[in-house]
Each structure stands twice: as C-alpha cells, then as structure tokens.
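Numbered by my numbering, the letters in the sequence shown go through residues 2 to 120 in order.
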Amino acid sequence: MRLDPKTLKFDRDGLIPAIAQDEESGDVLMMAWMNAESIRATLDSGRVTYWSRSRQALWRKGETSGHVQLLVEMRIDCDRDTLLLLVRQTGPACHTNRRSCFYTAVGKTEEYELMGPMY
C-alpha cells in the first residue's frame with residue numbers, strides 16, 4: 002500500500018518532523034522537516050529529501066556534501082505526526098562533520114560533547 006501524505010498530521014506550515022536513524026547501528030543521526038513533496042521525492046527516489054525551512058526549498062541530503070542518506074524504511078508514529086527514517090548514511094550526518102547531530106549531552110551542572118568531528 003502506497004503512503005498517502007494526506008493521512009499524516011502536518012503542522013500549520015505543512016511540515017512534519019522526521020528523525021533519521023542509522024539502520025545498522027540504531028544511532029539517531031538527525032532530525033529535520035519534511036513536507037508532502039519531500040516525502041514523495043524520498044519514496045520515489047530512495048534518497049532522503051527534506052524541506053529546508055531556511056531556504057524554503059527541497060533539500061536532498063548530501064547534494065552538496067556528498068553525505069547521502071539512502072532510505073531503507075520509513076515509519077510513521079502512532080499519532081501520524083512524526084516520521085522515523087531508517088537510513089544508510091554515507092559520511093557524517095551533521096553539518097558539523099559529526100556522525101550525529103546529537104553530540105552534546107547535558108549533565109546536572111554542565112553540557113559536554115560526546116564525539117568530535119569525523120574529518
């Protein structure tokens with residue numbers, strides 16, 4: 002059965018959060034936004050495409066960096082208002098050249114970095 006984006010709960014801007022997770026390790030790599038058009042582009046091509054709020058344009062992950070995300074599976078949460086993308090990641094997922102955008106941990110008294118840049 003093909004996904005009908007009309008069955009998803011988008012916010013007032015027509016966006017839905019999408020969490021990218023490495024399909025092999027299970028690491029959470031990043032969170033970005035998708036709209037109906039980027040969901041269709043992702044499902045049609047197999048390359049993850051997001052919606053860039055700052056550029057107001059489709060953003061195919063890796064088109065400038067080469068750090069591509071290939072879609073393995075798209076999942077929808079129980080409320081149909083968040084997507085989980087199981088991906089095959091090439092290179093770092095974060096624009097800071099870290100494997101994951103979630104590299105800062107918060108302790109009781111301070112923040113600390115869990116990982117440095119890959120390159």
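Virtual Cβ for every residue (Gly too), placed ideally from N, Cα, C. As the structure is a prediction and not an experimental result, all values here were calculated from the model.
Query                                                                                                                         : Result
Checking 8 angstroms against the spacing of the C-beta atoms, do V73 and V88 come in under that value?                        : yes
Are the Cβ atoms of I40 and P6 separated by less than 8 angstroms?                                                            : yes
DSSP three-state call for S46: helix, strand or coil?                                                                         : helix
Mark A58 as exposed unless 16 or more other C-beta atoms lie within 10 angstroms of its C-beta, in which case mark it buried. : exposed
Could you work out which residue in H96, T91, C79 and W52 is closest to I17 when comparing CA atoms only?                     : W52
Buried or exposed: T65, going by 16 or more other Cβ atoms within 10 Å of its Cβ?                                             : exposed
First and last residue of the beta strand (DSSP E) that includes E112?                                                        : E112 to E114
Measuring straight from C-alpha to C-alpha, what distance separates M32 and C79?                                              : 18 angstroms
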